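S.K.:
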Amino acid sequence: MTSTKIHSTHCERTAFVYVRQSTWLQVLENRESTERQYNLRERAIELGWPASSVEVIDEDQGRSGSTATFRTGFQRLAAEVGLGKVGIVLMLEASRLARNNSDWYRLIEICGISGTLIADETAVYNPREPNDRLLLGVKGTLSEAELFTLRTRLYEGRWNKARKGLLRFPLPVGYVLAADGGWVLEPDTQVRERLSYVFDSFRHFGVVRAVVRDLRRQGLELPTRRTTKEAYGSLTWKEPTLSTVVRILHNPAYAGAYVYGRSEYFSERRSPKTGKASAHVRNVAQWPVRITEHHPAYIGWEEFVKNQEQLRQNWGHDENRGVPREGRALLQGIVYCGVCGRKMSVQNRSVKESRSPSYVCVHGYQNGEERSCQCMTSRPIDTAVAEAFLTAVSPVNVRVATQVMDQIEQELVSQRRQRELQLEQARYEARLAQRQYDSVDPSNRLVAAELERRWNEKLERVTELGRAFAQAERDAEWKLTAEERAAITGLSRDLPAIWSAETTTHQERKQLLRMAIESVQVDGSSQAGQIEVQIRWRSGTITSLSVTRTARGECPLKTSEEAVSRIHKMAPRRTYAEIATALNRAGLRSAFGRLFTSQHVGYICRRDGLAGRKPRPSSKLHDTPEAGGTAES
Ligand SMILES: [Zn+2]
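When you line the sequence shown up against the working numbering, it's residues 1 to 633, in that order.
1. Return the Cβ separation of Thr116 and Val138 in integer angstroms, given the expectation that the two are a contact with Cβ distance under 8 Å.
2. Which term fits Lys569, buried or exposed, when burial requires 16 or more other beta carbons within 10 angstroms of its beta carbon?
3. Assess, as a yes-or-no matter, whether the segment 274-289 is touched by the segment 238-248 under the definition of 3 or more beta carbon pairs within less than 8 Å.
4. Let me know the secondary structure DSSP gives Trp537 once reduced to three states.
5. With respect to the beta strand (DSSP E) encompassing His280, which residues constitute its N-terminal and C-terminal limits?
6. Give a single yes or no on whether Cys375 has its beta carbon closer than 7 Å to a heavy atom of ligand 1.
7. Residue range of the beta strand (DSSP E) that Cys337 falls in?
8. On the three-state DSSP scale, how would you describe Phe469?
9. Within the continuous beta strand (DSSP E) that includes Gly87, where are the two ends?
10. Between Val211, Cys605, Thr597, Arg342, which lies nearest to Ser519 when the distance is taken from Cα to Cα?
11. Can you tell me which of His10, Gly73, Glu230 puts its alpha carbon nearest to the alpha carbon of Val86?
12. Go to Arg168, then tell me how far its beta strand (DSSP E) extends in each direction, as first and last residue.
13. Pull up the CB-CB distance for Leu588 and Ser560, whole angstroms please, since I reckon it's below 8 Å.
14. Counting along the chain, where does the beta strand (DSSP E) carrying Arg225 start and finish?
15. Can you name the residues that DSSP bridges to Arg290?
16. Give a yes or no on contact between the segment 441-451 and the segment 483-490, applying the rule of three or more CB pairs nearer than 8 Å.
17. Per the DSSP calculation, Leu530 is bridged to which residue(s)?
18. Could you give the distance in angstroms between the alpha-carbon of Pro357 and the alpha-carbon of Gln332?
19. Between Ala78, Val339, Trp499, Phe304, which lies nearest to Gly206 when the distance is taken from Cα to Cα?
20. Say whether the segment 535-552 touches the segment 512-526, bearing in mind that this needs 3 or more beta-carbon pairs closer than 8 Å, one atom from each stretch.
21. Can you tell me whether DSSP reads Lys238 as helix, strand or coil?
22. Taking 7 Å as the cut-off, does the CB of Arg312 come closer than this to any heavy atom belonging to ligand 1?
23. Report whether the distance from the Cβ of Val520 to the nearest heavy atom of ligand 1 is below 7 Å.
24. By a C-beta neighbour count over all protein chains shown, 10 Å radius and 16 as the cutoff for buried, is Lys510 buried or exposed?
25. For Ser345, does the count of other Cβ atoms within 10 angstroms reach 16, so buried, or fall short, so exposed?
26. Cβ-heavy atom distance between Arg371 and ligand 1 below 7 Å?
27. Is Val533 close to ligand 1? I mean its beta-carbon at under 7 Å from any heavy atom of the ligand.
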């Protein structure tokens, strides 16, 4: 079994067994392969490694192998190999190690430099030998081609099965799998009745929040399936929440339909954190596989479709999504509740331009609590934040900020140099310790043991510093590129003009704001009559402001004093319409910068207790004072 390629220098280093399966399903179902992979440990021992220096890396269990970016195990392996600590890497089929070719070549490269062998169940390869290297490269290429066909086959297979309604996936709560593979209703009466209750309740209230509130009031919990590894799929009961009820109402399975492909995935847009592709939910009409009357239903298909429409409508006013929208509330999507910390929604209570939208904290309310946490008009907050924003990005401030950034960058560069030197020194010391250890007479056990201990210590120090170095590199990644910097300087010069330009849309203003502001927290309940505003800038600093809260009925915008005094003068003698015309002719405008109407004038007259002359019957249609007066409230 032993190979001529293995030398004692290899055996002195660690043997790494790299175990990998693609997904948790494979991990659970493919026990045999897992066992074979763990058997490689025995093979390492047969090849001449002491059992104590065989290490198994299986951190990548349950992660997909297409790219190494999200696999910590693979990275650890590559790092250890790079440090020259590994004598041999064992894996099931050598080509399984990294299916993506670039990862694979990189590893062969690193193994070549550090003199590490690669082995599978049948052979040992030395990447320093041209023939072996060629063989490994070809294996990698073949594996990639195999992956491609495999993936296509799997994909096609899935869809074929799904079109026939045979593709299995975890059943939603309320259904169980029959012996023949069909879906039958959950035998537990309580589960069935609770689900039916939810549908009845939505039929009755038509609003999810009311359903949740009703359930909570009656102390009714909702059945759900556990998602933990140990008890996967088993039934449990949970406190009802908005999202659980929404999920139930959105699930076509309860209408007896077998559906596949509700979401569309965009593999080119992946989350940098989890590596998951971004998903888009398709409309009911666009579902690629839809088999109605596939299994017994809780509600009819028509009702399901109607519910979807209802949910969509109820949700229509919600602007609480990630992207900036058309609406006028400047902080939509980035405003958080200072009381409970949750994201606030924007509510447009009136379609009238003159009424500004409000910021409302509704999560508690949606989940059945008596009232919403807090609610406030957006205008004074928006004004204050916009002002703070324009001040912060004025050319002077930007120059100071970029200078500070330059300094930080310089510091980072010198810190990096220091770290590099430290690491280099540690590596040198480790090599030295190794040499001392190598040169000692092995029969002198006491000395050998002490030298080995020292060598180990040095190696640990190298690993530690290496880790710190990598961490620091990651931390330093926020640096601005030259283009970004130029763009910022240019923008700061033009910003005030862009901001106030009439052609600039609300959406564009929001985008500008988001360039500098991470989030805004508002607290309107700690100080009476005040709203505490905290702006969290992208740079990590925080600005605190206090905004005076507009009392009920009080107007944040005032009609100019001149206009008011003229109204006072003219009021006893002239009609509202005449006064409005006179004011407009004099070039005066309302608080919103618009032409005065008889409604405006009437509102001010009544507010100030002035008895305007009764309007003439001929102009009655336009001048009814009762109709106006709310324009500026
Ligand atoms: Zn709140």
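Where is the CB? At the ideal position from N, CA and C, for every residue including glycine. Since the structure is predicted, the reported quantities are computational estimates derived from the model, not experimental observations.
M.R.: Short version:
1. With a Cβ gap of about 20 Å, Thr116 and Val138 do not count as contacting.
2. Counting the other Cβ atoms within 10 Å of the Cβ of Lys569 gives fewer than 16, which makes it exposed.
3. No, because fewer than three Cβ pairs between the segment 238-248 and the segment 274-289 fall closer than 8 Å, the two stretches do not touch.
4. Strand.
5. 277-281
6. no
7. 335-337
8. helix
9. 86-90
10. In terms of Cα proximity to Ser519, the closest of Val211, Cys605, Thr597, Arg342 is Arg342.
11. Just measuring C-alpha positions, the residue of His10, Gly73, Glu230 sitting nearest Val86 is His10.
12. Counting along the chain, Arg168 falls outside any beta strand (DSSP E), and DSSP gives it neither H nor E.
13. Yes, they are in contact, since the Cβ atoms of Leu588 and Ser560 sit about 7 Å apart, within 8 Å.
14. 222-225
15. Paired residues: Val259.
16. The segment 441-451 vs the segment 483-490: no contact.
17. Per the sequence shown, residue 530 should be read as Gln rather than Leu. In DSSP, Gln530 forms a bridge with Thr548.
18. 10 Å
19. Phe304
20. yes
21. strand
22. no
23. no
24. So Lys510 counts as buried.
25. buried
26. no
27. no
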